[in-house]
Every structure is written in structure tokens, then in C-alpha cells.
Amino acid sequence: MKSYEAIHQVDLTVPFLSLSLKNPVMPASGCFAFGREISAFYDLNRLGAIVVKATTLDERQGNASPRLAETPAGMLNSIGLQNPGVECVIREDLPYLAIYEQLPVIVNVAGTAIEDYVEVVKRLSQVQSIAALELNISCPNVKCGGIQFGTDPEMAAEMVRAIKAVANIPVIVKLSPNVTNIVEMALACETAGADALSLINTLIGMQIDVERKRPLLANGVGGLSGPAVKPVAVRMVYEVSSAVHIPIIGIGGVMTGVDVVEFLMAGASAVQVGTANFVDPYACVRIIEELGVWCDEHGVQSVTELIGAAKPKIGV
Amino acid sequence: MKSYEAIHQVDLTVPFLSLSLKNPVMPASGCFAFGREISAFYDLNRLGAIVVKATTLDERQGNASPRLAETPAGMLNSIGLQNPGVECVIREDLPYLAIYEQLPVIVNVAGTAIEDYVEVVKRLSQVQSIAALELNISCPNVKCGGIQFGTDPEMAAEMVRAIKAVANIPVIVKLSPNVTNIVEMALACETAGADALSLINTLIGMQIDVERKRPLLANGVGGLSGPAVKPVAVRMVYEVSSAVHIPIIGIGGVMTGVDVVEFLMAGASAVQVGTANFVDPYACVRIIEELGVWCDEHGVQSVTELIGAAKPKIGV
Amino acid sequence: MALVTISSHTRINADLYELTFTAPMDLQTTRYEPGQFLHIRVTDSFDFLLRRPLSLCKVDLLHNRLTVVYRVQGAGTKRLSTKQVGDALDVLGPLGRGYQIHKEDHASLLIGGGVGVPPLVELARQLHELGQMVHAVVGFQSSQQAILLSDLAQYGSVTVLTDDGSIGKKGIVTDVLRTEFCNGFDRYYACGPTPMLKAVQQVLRTADLPGYLSLEERMGCGIGICVGCVHPIMRDGHVANMKTCKEGPVFAAEEVVFS
Amino acid sequence: MALVTISSHTRINADLYELTFTAPMDLQTTRYEPGQFLHIRVTDSFDFLLRRPLSLCKVDLLHNRLTVVYRVQGAGTKRLSTKQVGDALDVLGPLGRGYQIHKEDHASLLIGGGVGVPPLVELARQLHELGQMVHAVVGFQSSQQAILLSDLAQYGSVTVLTDDGSIGKKGIVTDVLRTEFCNGFDRYYACGPTPMLKAVQQVLRTADLPGYLSLEERMGCGIGICVGCVHPIMRDGHVANMKTCKEGPVFAAEEVVFS
Ligand SMILES: Cc1cc2nc3c(=O)[nH]c(=O)nc-3n(C[C@H](O)[C@H](O)[C@H](O)COP(=O)(O)OP(=O)(O)OC[C@H]3O[C@@H](n4cnc5c(N)ncnc54)[C@H](O)[C@@H]3O)c2cc1C
Ligand SMILES: Cc1cc2nc3c(=O)[nH]c(=O)nc-3n(C[C@H](O)[C@H](O)[C@H](O)COP(=O)(O)OP(=O)(O)OC[C@H]3O[C@@H](n4cnc5c(N)ncnc54)[C@H](O)[C@@H]3O)c2cc1C
Ligand SMILES: Cc1cc2nc3c(=O)[nH]c(=O)nc-3n(C[C@H](O)[C@H](O)[C@H](O)COP(=O)(O)O)c2cc1C
Ligand SMILES: Cc1cc2nc3c(=O)[nH]c(=O)nc-3n(C[C@H](O)[C@H](O)[C@H](O)COP(=O)(O)O)c2cc1C
Ligand code: FES
Ligand code: FES
Numbered sequence: 000m001k002s003y004e005a006i007h008q009v010d011l012t013v014p015f016l017s018l019s020l021k022n023p024v025m026p027a028s029g030c031f032a033f034g035r036e037i038s039a040f041y042d043l044n045r046l047g048a049i050v051v052k053a054t055t056l057d058e059r060q061g062n063a064s065p066r067l068a069e070t071p072a073g074m075l076n077s078i079g080l081q082n083p084g085v086e087c088v089i090r091e092d093l094p095y096l097a098i099y100e101q102l103p104v105i106v107n108v109a110g111t112a113i114e115d116y117v118e119v120v121k122r123l124s125q126v127q128s129i130a131a132l133e134l135n136i137s138c139p140n141v142k143c144g145g146i147q148f149g150t151d152p153e154m155a156a157e158m159v160r161a162i163k164a165v166a167n168i169p170v171i172v173k174l175s176p177n178v179t180n181i182v183e184m185a186l187a188c189e190t191a192g193a194d195a196l197s198l199i200n201t202l203i204g205m206q207i208d209v210e211r212k213r214p215l216l217a218n219g220v221g222g223l224s225g226p227a228v229k230p231v232a233v234r235m236v237y238e239v240s241s242a243v244h245i246p247i248i249g250i251g252g253v254m255t256g257v258d259v260v261e262f263l264m265a266g267a268s269a270v271q272v273g274t275a276n277f278v279d280p281y282a283c284v285r286i287i288e289e290l291g292v293w294c295d296e297h298g299v300q301s302v303t304e305l306i307g308a309a310k311p312k313i314g315v
Numbered sequence: 000m001k002s003y004e005a006i007h008q009v010d011l012t013v014p015f016l017s018l019s020l021k022n023p024v025m026p027a028s029g030c031f032a033f034g035r036e037i038s039a040f041y042d043l044n045r046l047g048a049i050v051v052k053a054t055t056l057d058e059r060q061g062n063a064s065p066r067l068a069e070t071p072a073g074m075l076n077s078i079g080l081q082n083p084g085v086e087c088v089i090r091e092d093l094p095y096l097a098i099y100e101q102l103p104v105i106v107n108v109a110g111t112a113i114e115d116y117v118e119v120v121k122r123l124s125q126v127q128s129i130a131a132l133e134l135n136i137s138c139p140n141v142k143c144g145g146i147q148f149g150t151d152p153e154m155a156a157e158m159v160r161a162i163k164a165v166a167n168i169p170v171i172v173k174l175s176p177n178v179t180n181i182v183e184m185a186l187a188c189e190t191a192g193a194d195a196l197s198l199i200n201t202l203i204g205m206q207i208d209v210e211r212k213r214p215l216l217a218n219g220v221g222g223l224s225g226p227a228v229k230p231v232a233v234r235m236v237y238e239v240s241s242a243v244h245i246p247i248i249g250i251g252g253v254m255t256g257v258d259v260v261e262f263l264m265a266g267a268s269a270v271q272v273g274t275a276n277f278v279d280p281y282a283c284v285r286i287i288e289e290l291g292v293w294c295d296e297h298g299v300q301s302v303t304e305l306i307g308a309a310k311p312k313i314g315v
Numbered sequence: 000m001a002l003v004t005i006s007s008h009t010r011i012n013a014d015l016y017e018l019t020f021t022a023p024m025d026l027q028t029t030r031y032e033p034g035q036f037l038h039i040r041v042t043d044s045f046d047f048l049l050r051r052p053l054s055l056c057k058v059d060l061l062h063n064r065l066t067v068v069y070r071v072q073g074a075g076t077k078r079l080s081t082k083q084v085g086d087a088l089d090v091l092g093p094l095g096r097g098y099q100i101h102k103e104d105h106a107s108l109l110i111g112g113g114v115g116v117p118p119l120v121e122l123a124r125q126l127h128e129l130g131q132m133v134h135a136v137v138g139f140q141s142s143q144q145a146i147l148l149s150d151l152a153q154y155g156s157v158t159v160l161t162d163d164g165s166i167g168k169k170g171i172v173t174d175v176l177r178t179e180f181c182n183g184f185d186r187y188y189a190c191g192p193t194p195m196l197k198a199v200q201q202v203l204r205t206a207d208l209p210g211y212l213s214l215e216e217r218m219g220c221g222i223g224i225c226v227g228c229v230h231p232i233m234r235d236g237h238v239a240n241m242k243t244c245k246e247g248p249v250f251a252a253e254e255v256v257f258s
Numbered sequence: 000m001a002l003v004t005i006s007s008h009t010r011i012n013a014d015l016y017e018l019t020f021t022a023p024m025d026l027q028t029t030r031y032e033p034g035q036f037l038h039i040r041v042t043d044s045f046d047f048l049l050r051r052p053l054s055l056c057k058v059d060l061l062h063n064r065l066t067v068v069y070r071v072q073g074a075g076t077k078r079l080s081t082k083q084v085g086d087a088l089d090v091l092g093p094l095g096r097g098y099q100i101h102k103e104d105h106a107s108l109l110i111g112g113g114v115g116v117p118p119l120v121e122l123a124r125q126l127h128e129l130g131q132m133v134h135a136v137v138g139f140q141s142s143q144q145a146i147l148l149s150d151l152a153q154y155g156s157v158t159v160l161t162d163d164g165s166i167g168k169k170g171i172v173t174d175v176l177r178t179e180f181c182n183g184f185d186r187y188y189a190c191g192p193t194p195m196l197k198a199v200q201q202v203l204r205t206a207d208l209p210g211y212l213s214l215e216e217r218m219g220c221g222i223g224i225c226v227g228c229v230h231p232i233m234r235d236g237h238v239a240n241m242k243t244c245k246e247g248p249v250f251a252a253e254e255v256v257f258s
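Protein chains in written order, with numbering that gives the first Met the number 0: chain A, 0 to 315; chain B, 0 to 315; chain C, 0 to 258; chain D, 0 to 258.
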């Protein structure tokens with residue numbers, strides 16, 4: 000296999016919003032913390048962008064342990080938005096990431112009520128080093144609020160309007176797959192002013208600990224991620240990208256460069272990598288390299304050629 | 000491992016509707032055809048029951064090939080309800096199954112409009128050898144109609160009422176997981192008179208053939224089944240069984256006896272086995288055997304002890 | 000379904016492997032047909048949940064063994080290629096309907112493309128044993144993909160074609176299927192990629208030669224319960240989607256409907 | 000993360016295995032601590048997507064090798080147990096914060112239960128090397144589960160307890176942790192199932208002996224990015240969920256909050 004460096008001829012850059020990402024691969028929220036740990040493994044500047052852990056107004060301790068379970072080709076998590084709160088993130092985490100000058104930083108924002116989200120976004124708007132916000136209206140692990148925004152188009156639209164009114168940087172809305180009609184949700188967010196969409200967040204699942212006769216996760220249900228959910232994610236990206244005119248970030252089960260190709264062909268402009276980071280700390284850079292090699296072997300000169308390539312061609 | 004025959008002490012029978020099933024394991028619709036092929040492998044009387052392929056009013060040819068794709072720990076199918084039509088099923092397939100005197104036969108009914116379903120049920124009501132009907136209001140592979148009933152509680156209720164008005168045997172309603180609120184769907188069906196519920200049908204998914212730059216399935220999307228979906232299925236069974244008072248059949252990714260235990264503990268009274276039959280023609284009888292061994296090893300005298308065992312105990 | 004033991008596994012060309020294992024049944028007493036397939040689990044991991052269909056290529060009655068020849072196509076066959084002699088192999092079959100043999104025939108034309116060639120070997124053997132004149136016309140991309148030529152040569156004459164002329168004549172199998180050539184045969188038996196089968200069907204319909212086509216559709220169960228592997232077949236004036244694993248993979252050429 | 004080679008793999012008791020492999024780093028130049036863990040992929044199949052954490056048990060500086068000792072708990076460790084000498088092993092680590100060693104101490108009490116015993120072996124070696132008096136109190140279900148007794152005996156005295164008395168005294172570790180006994184030690188180091196740790200913490204708080212507990216939570220990444228492995232820890236008067244893979248698995252006993 001040729002190394003990433005050897006394949007100068009493939010152009011991996013993709014335009015995304017006002018940015019030009021050096022490649023379409025970014026770690027997914029909650030699967031990379033705030034970058035510090037992985038920086039011990041490789042230079043974060045190699046990433047297309049970074050999406051940090053969900054940030055809420057106040058510090059949160061999340062759910063009780065156990066919070067993780069392994070499932071066939073996937074995993075369940077019920078972290079429950081544990082994070083140090085927006086002030087601490089602004090004070091301690093974002094300055095650290097600002098060192099990486101070639102790394103666009105996307106901050107994932109979560110909360111319980113619209114006012115929380117608005118307040119977090121107002122405070123983040125003071126920070127120069129953020130490239131975009133990702134609104135997490137889809138976390139399955141927070142009981143009160145959270146998920147509702149992600150499953151009701153009216154409420155999602157209201158949320159997006161409220162955020163757009165206070166945000167001074169692009170707003171990406173992250174959609175939940177736990178809905179009857181993903182296209183309806185996407186259109187509601189687009190109409191309300193979303194600059195981009197990312198999908199999918201986790202599917203709601205459960206595992207029973209048969210020895211203890213109770214749900215394995217302390218929280219009962221959790222979010223399903225990993226290769227198992229990829230077909231659902233690809234389907235939703237395909238459907239949504241056929242309906243909206245804003246760019247899409249594909250998420251769900253990306254483990255290899257070919258998985259990136261699959262999401263791009265389905266209509267995504269970029270992808271996020273979640274669970275794969277837990278299996279292999281080098282996952283993102285390996286995937287970028289594999290993407291380059293695949294393009295090279297398939298005569299693809301620019302990765303942008305792949306975006307939407309699996310869609311019916313106009314006039315055919 | 001002790002053989003099934005050796006474990007006389009475990010009582011595998013479960014009451015289900017007016018039936019006493021000799022064990023809680025039945026093949027899922029569309030994953031066992033009408034039983035003929037598997038009868039070459041083992042005696043069908045060993046099954047708790049059999050659910051036959053979706054039957055529609057007229058013969059259907061289904062979708063174009065390719066109709067199958069393999070996914071991580073799962074598969075996609077887009078069969079599209081291919082079947083010979085209800086008259087042919089009554090004439091050729093049901094008499095064949097009637098030979099198996101100890102085998103309750105459940106006929107899966109599908110269609111496009113309520114009238115189709117009603118007509119199929121009317122004709123099946125003439126047949127003595129059917130134990131119950133399973134209403135497939137959730138097939139993701141039929142464009143027109145089909146899926147709507149499975150995602151709109153009002154329409155589902157209307158369908159169930161119409162069927163109950165003409166059916167002279169119990170009606171099981173099979174639910175789609177592709178909804179925002181599975182409990183709402185379940186309650187609508189219960190209120191409308193459903194005698195039992197079965198869940199889940201497949202999740203809608205897609206795979207891209209990156210070499211050919213198009214969706215792999217000729218139909219574009221297909222239904223995701225297999226171990227990958229089990230956590231979603233277990234979660235839905237747990238939630239629905241906590242809300243309704245009618246029995247539930249758990250379906251999704253059952254591959255082993257322990258998977259059966261998981262579904263029973265989550266609140267199912269019986270399970271259906273789909274994809275596993277494709278991997279291993281003996282899957283159902285192997286699973287029954289494994290279930291018996293598990294119960295034996297865990298001091299479970301009657302499999303009914305397991306039903307709902309993972310639920311919070313009343314008064315605890 | 001049986002767990003059998005691999006007795007030999009060798010790379011025979013670029014990405015091509017020959018795999019021999021104990022037959023899951025007694026070959027002396029059980030009926031099998033050339034053109035039937037074996038449905039093989041490449042690992043017990045859920046990563047490769049479904050079995051892979053591979054054609055019965057050679058039969059060793061003495062040792063009760065079967066041989067398949069396959070190309071590494073994707074991840075599943077790649078995984079299969081890592082299996083070692085002595086490893087267990089989970090095999091279902093032989094399955095499906097194979098080539099029907101016409102005892103009354105004098106000369107049979109066998110047409111194969113790429114990994115469509117393997118089933119023709121056992122077929123050639125049986126036809127040869129009946130005293131028929133066997134002629135195989137086989138096409139490959141290049142010499143790197145050519146397989147089973149000496150096996151076929153045991154039972155009759157072989158015409159080889161390659162896309163790049165690196166072995167045999169340069170061209171494709173239909174190039175040699177001129178009517179004069181075909182007139183010498185009673186029947187043909189073909190297996191290969193769909194575009195080849197379609198072209199063969201067309202050319203030999205014109206030449207008025209009856210024959211059989213072995214179809215290749217994606218399979219799930221391999222035993223007729225998933226209805227995933229269908230191909231449109233015309234019978235009694237009606238076109239219906241038929242299961243290629245159960246009613247096929249071999250069909251009378253005139254029945255097969257190509258879009 | 001590194002692909003290393005297994006140099007030995009033996010069953011040492013009922014369901015217990017000792018696995019030795021090349022260290023993923025140079026043990027002479029890289030810092031590691033007793034109580035740290037290795038995060039091991041049991042196969043590259045998605046069936047076992049997550050790594051399994053196993054404690055660093057023994058260090059072989061001469062051959063640059065590490066040893067873990069594990070019990071077959073579920074399907075993943077069962078799969079691990081099928082690995083052969085010479086096989087590649089995907090290992091991340093050593094990770095986390097291990098036991099802090101106090102050079103000024105004279106006598107250390109090591110308390111282990113079941114597969115909580117392995118990390119105590121390297122700990123005992125290091126304490127012994129510093130000239131400390133080491134006493135290990137270890138509990139098992141029965142002699143069938145007893146492990147590493149002769150290893151521990153190299154570095155100090157060992158008191159063994161079993162639930163059924165089949166080896167050592169009948170009873171549980173807290174039975175011997177009377178205040179008079181504990182007074183002889185400067186500090187304790189414990190690892191074992193949560194109920195044992197909870198009981199040990201309580202008993203030794205009464206005895207006023209400072210110490211460390213190694214916690215066992217389900218892990219995802221093992222490196223601090225998934226926030227899946229938390230346990231409530233009291234620091235500066237506040238209780239917070241801390242990552243046991245990064246801030247732990249070893250914590251000062253008085254910090255650990257049990258529910
Ligand atoms: C009746 C029959 C007989 C066959 N005989 C042979 C043979 O003798 N030698 C040989 O080399 N090949 C043969 N093939 C093709 C062979 O089955 C596929 O190449 C193989 O399944 C590919 O698996 P994979 O995991 O490498 O590819 P992947 O693409 O990873 O497979 C994914 C899925 O697609 C299916 N699939 C992929 N390609 C094909 C294909 N071309 N045809 C059918 N299914 C496919 C696989 O079975 C699997 O379910 C035969 C196919 C059929 C239907
Ligand atoms: C820091 C640490 C050090 C450990 N050191 C050792 C050791 O030296 N020797 C030893 O035998 N065991 C040790 N364990 C426990 C060991 O990690 C589990 O027994 C093992 O992960 C079980 O995996 P499985 O696939 O067999 O079980 P499964 O139940 O199939 O595993 C499913 C999932 O649950 C997790 N899991 C299951 N049981 C446990 C458990 N008890 N603790 C944590 N995660 C669990 C697995 O890691 C996996 O992600 C340690 C655990 C931790 C957290
Ligand atoms: C442990 C864990 C924590 C997560 N935390 C967040 C989060 O804080 N915010 C968010 O929007 N998504 C969160 N997610 C969802 C992921 O960002 C991603 O959408 C999902 O895992 C699917 O991608 P994958 O299959 O690549 O993991 C989390 C996922 C996991 C597994
Ligand atoms: C090939 C295939 C065909 C199916 N056909 C039907 C059908 O006709 N009617 C129906 O209600 N469900 C059908 N299903 C769904 C299954 O009955 C079952 O709900 C689903 O596959 C999940 O179970 P599994 O994971 O055990 O396969 C089909 C599934 C597969 C894989
Ligand atoms: S492969 Fe299942 S019916 Fe043919
Ligand atoms: S295991 Fe991921 S943060 Fe600790």
C-alpha cells in the first residue's frame with residue numbers, strides 16, 4: 000500500500016461551508032474528547048476538522064456506570080453528556096486546540112431547553128478559534144428535553160431559528176436517526192436556516208445482562224453506534240442529500256477509507272468517525288490514508304468527484 | 000452440552016394467545032418460505048410455530064435483483080413481497096403444512112390498501128389449519144402503501160379494526176422499527192383490537208457499491224436484519240411490553256439460545272428467527288436446544304419464568 | 000450442512016485458488032450434478048454472515064472429496080483464501096439444479112468465462128465418460144486468470160481466448176461461435192459473467208443450438224427460503240422471478256430472460 | 000498501539016490463562032507502573048469490536064516481554080484463549096495510572112481478590128526490590144481459581160483464603176484485616192471485585208491505614224476519549240465522575256465513593 004505522503008496526485012480537499020477542509024475526515028463528537036489524548040498519537044493538524052464533545056451550559060456528570068456495552072459489530076453508550084460546562088471548555092479546552100492552526104474546530108452544543116442552547120452559543124460566539132457549531136438535538140441519553148428537539152420538526156426548526164439568531168459562525172444541525180421521516184426533519188432544519196446537517200447520531204438500543212436479569216447499562220437504554228448502523232446512516236444520507244441543498248456530514252460506522260467513499264457517493268461532503276477511534280487511536284489518520292490510496296487506485300483525482308456519485312445522473 | 004432430549008426437566012412451553020406453544024421459537028416471515036425446504040433438514044413439528052412468507056391478494060414478482068447485500072453483522076434485503084398470491088397459498092402451501100399436526104401455522108398478510116388486506120384475511124378465514132394471522136404493516140420494500148400503515152398510528156389502528164372485523168382467528172400486528180415512537184404505534188394497535196404484537200421488522204438501510212458507483216440493491220434501499228439490529232429490537236420489545244397488555248413476539252438478530260433469553264427477559268413471550276436460518280438451516284432447532292441447556296444450567300424450570308425478568312420488580 | 004476438513008488449498012494463478020475438502024456426503028451413494036454449487040461459510044464471524052456459493056468443480060470418488068476453484072473477489076473470498084489444510088470448513092450442499100446430461104448426444108460444446116469455467120470440468124468429465132465428443136471454449140482476461148486448462152484437456156479439445164491475447168487467441172468466446180462451428184454440436188453448456196451469457200444466448204439462438212446457461216445471482220440461504228437470488232425465467236409463456244439456488248443455477252438457455 | 004508476538008500462552012488453572020508477549024515499548028527506557036493495564040484486541044473481527052483491559056502482571060526486562068493473567072469471563076476472553084504462540088496480538092498500553100510507590104514505607108499490605116491478584120505481582124516485585132516487607136492477602140472462590148501464589152511468595156509472605164476452604168483458610172480477605180494485623184503496615188494496595196474493595200475500604204478506614212484501590216469499570220477506548228469508564232471520586236470536597244482508564248484505574252482509597 001502506498002503511504003499517504005506518496006499520493007500527492009490525489010486532491011483530498013473538500014469545500015465545506017466557508018472552509019476548505021484538507022480532507023473530508025473528522026472525529027465525531029464524544030468520540031475524541033477535546034483532542035488532548037489523541038494528540039499523543041499523531042498531529043491533529045492532519046485531520047480535516049475536529050468535533051469536540053457535547054458542551055452544555057453547566058458541568059454535567061452524566062449517567063451512572065456501566066455506560067458501555069459491546070454489541071454485534073457495534074456498541075451501546077449511555078454517557079449522558081458528561082462535560083465540564085461551557086465556561087470550562089472556553090477556558091481550558093478551546094485554547095489548547097487553538098494551537099493547531101490548521102485544524103478547524105467544531106463545537107458540539109447540547110442542552111435541555113432552547114434557552115440553554117442559546118446561552119451556550121452566545122458564550123461560544125466570543126471565541127475566535129471556533130469554525131462552526133454542531134447542534135446536538137439528538138442525544139438519546141438525556142431524559143429531559145434533548146431528544147424531543149431531534150424528533151419533532153417544529154421544535155427542531157424553532158431551536159435552529161433561535162440559535163441562528165445569536166450565532167456568528169455557521170451552524171450544523173446533527174440529526175437523530177430515531178425518527179419516522181428523516182427528510183422531513185432535514186427540510187425543517189434547512190428552512191429554519193441550518194447551514195449544514197450532520198447525520199446520524201446513535202440509534203436507541205438496549206442490551207440485557209442475562210446473568211443479572213436486568214438491562215446491562217445502568218441507564219437502561221443507550222445509543223447504538225459502529226459498523227452495525229452504517230447501512231441506516233448511508234440510507235439517511237442518501238435520502239437527505241437528495242432533498243436538501245445544504246452540505247451534509249455523513250456519520251455512522253466509518254471504519255475504513257472505503258466507508259468514507261460510500262458516504263461521499265451517497266451524497267455526504269465529509270464524514271465523521273466515532274467508534275473507530277476507540278478501537279484504534281490512529282483510526283482517523285489511517286482512514287485518510289486509505290481514502291487517498293483508494294482514490295489513487297481508482298483514478299480519482301479529487302475526492303470531490305465522489306460526492307453524490309451514486310445518485311442517478313441527471314439526464315440518464 | 001446436554002442434548003435437547005436430555006433436558007426433560009425444563010418446561011419450554013409458553014402460552015401464547017389461545018395456544019400453548021411447545022417452545023417459544025418460530026421462524027420469521029420471509030425467512031422460511033412455506034416450510035418445504037427446511038423440512039428436508041428436520042421435522043417441522045419441533046418448532047414452537049411457523050410464520051410463513053407474506054401473502055398478498057395477487058401473485059407478486061417482487062423487486063429486481065440484486066435483492067441481497069451483506070452488511071456488518073447483518074444483511075439487507077429488498078425482496079419486495081414476492082409470493083404466489085393467497086389463492087395459490089391456500090391451494091398449495093397451507094395443505095402441505097397441515098400435515099404437521101403439532102405445528103401452529105401463522106400466516107403473514109401483506110398488501111397495498113386496506114381492502115387488499117381485508118380480502119386476503121377473508122379468504123384465509125376459510126382455512127381451518129391456520130392458528131393466527133400476522134399483519135405485515137411494516138414491509139420497507141413495497142413502495143405504495145405498506146409502510147405508511149406501519150408508521151402512522153391512526154392508519155395502523157384503522158387497518159387493525161378493519162381486519163379484526165373480518166378475522167375469525169387471532170391477529171398479531173407486526174410493527175416497523177422505522178418510527179419515532181414505537182410505543183405510540185403499539186398502543187394504537189392494542190386499542191384497535193390487536194391480539195398480540197410482533198416486533199421488529201427490518202430497519203431501512205442502504206449499501207453503496209463503490210465500484211459501480213450506485214446503490215448495490217437494484218431497489219436502492221432494503222431492510223436491515225441480523226445481529227446488528229438486535230439492540231434496537233430488544234429496546235423496542237422492552238419499551239412496548241412495559242406499555243401494552245397483549246403478548247409480544249420479539250424479532251431481530253436472534254442467533255443463539257441466549258438471544259432468546261434476552262428477548263424473553265425484555266418482555267417477549269416468544270421470538271422469531273429470521274436471518275439465522277440463511278446462515279444455518281438448522282438454526283431454529285439448534286436455538287431451541289441451546290435455550291433448554293441455558294435454562295437447565297441456570298436452574299430455570301419453566302421458560303415462562305424468564306418473561307419480563309429484566310423489568311424492575313414491582314415493590315422493589 | 001457439515002463441518003468438513005480441508006485436504007488441500009493452493010494458489011493456482013494470480014488471485015485464483017483451488018480448494019479440496021472432504022465431501023459433506025457419501026459421493027458413491029448420493030446423487031450430485033455438474034453445475035451444482037457448494038454454499039460455504041468463510042468464517043464463523045458475523046463479519047461475513049452469509050455463505051458464499053462456489054461451483055462444484057472436481058469430484059474425487061476414491062477419497063470422497065470435492066474441489067472448488069475460486070477467485071478472490073472481495074473480503075469474503077479473501078478470508079477463505081487464508082484457510083489452511085486441516086482447518087474445518089462449514090459446507091452446505093451440493094445445492095441447486097445442475098446441467099442436465101443428454102445421453103443421446105454425440106458432441107457437446109462447453110463455454111466458460113473466468114470463474115465460470117470450474118463447473119465445466121466435472122461436466123466435461125461426465126460427458127467424456129459417456130463417450131461424447133467434448134469441446135470447451137473458454138475465455139479469460141489474460142494468462143494471469145487462466146485456470147483449469149489441463150483439466151479440461153483431459154476430456155476433449157480446448158479453445159482458449161484472452162482479452163489481451165496473452166494466452167490462446169485474442170478475443171472473446173463469441174468470436175469463435177460461428178454457425179459453421181456450432182453445427183458440429185448437439186448442445187451447449189455455458190457458465191460465466193452475465194454479459195457473456197447474454198451474448199452466447201443470442202449467438203447460439205441464431206445458430207439454432209439448444210443449450211444451458213448457469214446464472215450467477217447474489218445468494219442468501221442457497222436453499223430456497225429467502226427468495227433473494229431470483230432471475231426472470233420464461234416458462235409456459237409467463238415470465239416469473241425464479242430462485243436460481245433452487246430452480247437453478249442452470250436453466251435451459253431459451254428460458255432465460257435478460258434485460 | 001502495536002502488533003506484538005505471543006511468546007507463551009498457558010492454562011494455569013480452571014479457566015485461567017497466563018499470556019506473555021513482546022512489550023509494545025522498550026521496557027528499559029519507558030516508564031510503566033504496577034497497576035497499569037494493557038488494552039487488548041482479542042480478534043480483528045467486528046464481533047468483538049472493543050478491546051479488553053487486562054492488568055500488567057509480570058515484566059521480563061531481559062526479553063522485553065509482558066505477562067497478563069486472565070480468567071475466561073465471556074466470549075471475548077474465550078476467543079483470546081484460543082490464540083497461539085507466534086500469533087500477533089494487538090496491544091495498546093500500558094495505560095492509566097497505576098499504584099504509587101512510597102519509597103519511605105517499610106511494610107506494605109497487598110490485598111487481592113480473584114483476577115484482581117495479577118497487578119499485585121509486579122507491585123510486590125517493585126516493593127520488595129525497594130527492601131520493603133510485603134504481605135499479600137489474597138482470596139479466591141476455591142483452589143480451582145487460585146493463581147500466582149508462588150509468584151507472590153517470591154517477594155513476601157502470602158495469606159490465602161478461599162470461600163470453600165479448598166486451599167488456605169476458609170473465609171474472605173476482610174476476615175484477616177483486623178486492626179492489630181493492619182497496624183504493622185504503612186499502607187495497603189487492593190485490587191479485586193467491587194464488593195471486596197468496598198469492604199476493604201471500610202475495614203481499613205477504621206484501622207486508619209491509608210491505601211489504594213484499583214477499580215474495575217467497563218471500558219471503551221482505554222485512553223480517555225469515550226468517557227465510558229467513570230467512577231465517582233471525591234476530590235477537594237467535590238464528587239465527580241472520573242475516567243478510570245486515565246485518572247485510574249488506581250485511586251487513593253479515601254477518594255473512592257461507593258454507592
Ligand atoms: C451459483 C454460483 C456459483 C459460483 N461459482 C463460483 C466459482 O466456482 N468460483 C468463483 O470464483 N466464483 C463463483 N461464484 C461467485 C462467488 O460466489 C463470488 O465471487 C463470491 O461470493 C464473492 O464473495 P466475496 O466475499 O469475495 O465478495 P464480497 O463482495 O465481499 O461479497 C459480498 C456478498 O456479495 C455476494 N457476491 C459478491 N460477488 C458476487 C458474485 N459475483 N456472484 C454472486 N454473489 C456475489 C457474496 O456471496 C456475498 O454475499 C459463484 C456464484 C454463484 C451464484
Ligand atoms: C483496569 C482493568 C484491569 C483488568 N485486569 C484483569 C486481569 O488482569 N485479569 C482478568 O482476568 N480480568 C481483568 N479485568 C477484567 C477483564 O477486563 C474482563 O473480564 C474482560 O474484559 C471480559 O471480557 P469478555 O469478552 O470475556 O466478557 P464479555 O462479557 O463478553 O465482554 C463484553 C464487554 O464487557 C466488558 N466487560 C465484561 N466484564 C467486565 C469486567 N468484569 N470488567 C470490565 N469490563 C468487563 C468487556 O471488556 C467487553 O467490552 C480487568 C478490568 C479492568 C477494567
Ligand atoms: C461514547 C460516545 C459518546 C458520544 N457522545 C456524543 C456527543 O457528546 N454529542 C454528539 O452529538 N454525539 C455523540 N455521540 C455520537 C457520535 O458522535 C456519532 O454520531 C455516532 O457514534 C455514530 O458514529 P460511529 O458509528 O462512527 O460511532 C457519541 C457516541 C459515542 C459512541
Ligand atoms: C429476506 C427476508 C425476507 C423477509 N420477508 C418478510 C415478509 O415477507 N414479511 C414480514 O413480515 N417480514 C419479512 N422479513 C422480516 C423478518 O421477518 C424479520 O422481521 C427481520 O428479518 C428481523 O429478524 P432477523 O434479524 O432474525 O432476520 C424478511 C426478512 C428477510 C431478511
Ligand atoms: S439464495 Fe435464498 S432463495 Fe435462493
Ligand atoms: S475507557 Fe474511554 S474514557 Fe475511559
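Cβ coordinates follow ideal geometry from the N, Cα and C atoms, glycine included. In this text the structure is predicted, and so the values were computed from the model without any measurement.
Residues close to ligand 6 by the beta carbon criterion (under 7 Å to any non-hydrogen atom) are, from first to last along the chain, A/F277, D/M218, D/G219, D/C220, D/G221, D/I222, D/G223, D/I224, D/C225, D/V226, D/G227, D/C228, D/K242, D/T243, D/C244 and D/K245. Distance from A/S64 to D/R217 at the Cβ level is roughly 7 Å; contact confirmed, criterion being Cβ atoms closer than 8 Å.
Secondary structure note for B/M74: its beta strand (DSSP E) is the uninterrupted segment G73 to N76. Contact between the segment 77-85 of chain D and the segment 27-35 of chain D is not established, with fewer than three Cβ pairs separated by less than 8 Å.
For A/P152, the closest of A/L134, A/L132, A/V233 and A/V182 by C-alpha to C-alpha distance is A/V182. Taking a contact to require three or more Cβ pairs closer than 8 Å, the segment 87-103 of chain B and the segment 297-304 of chain B do not qualify as touching.
In the three-state DSSP reduction, D/D104 falls in the coil class, being neither helix nor strand. Here D/V137 is not near D/L126, since their CB atoms are 8 Å or more apart.
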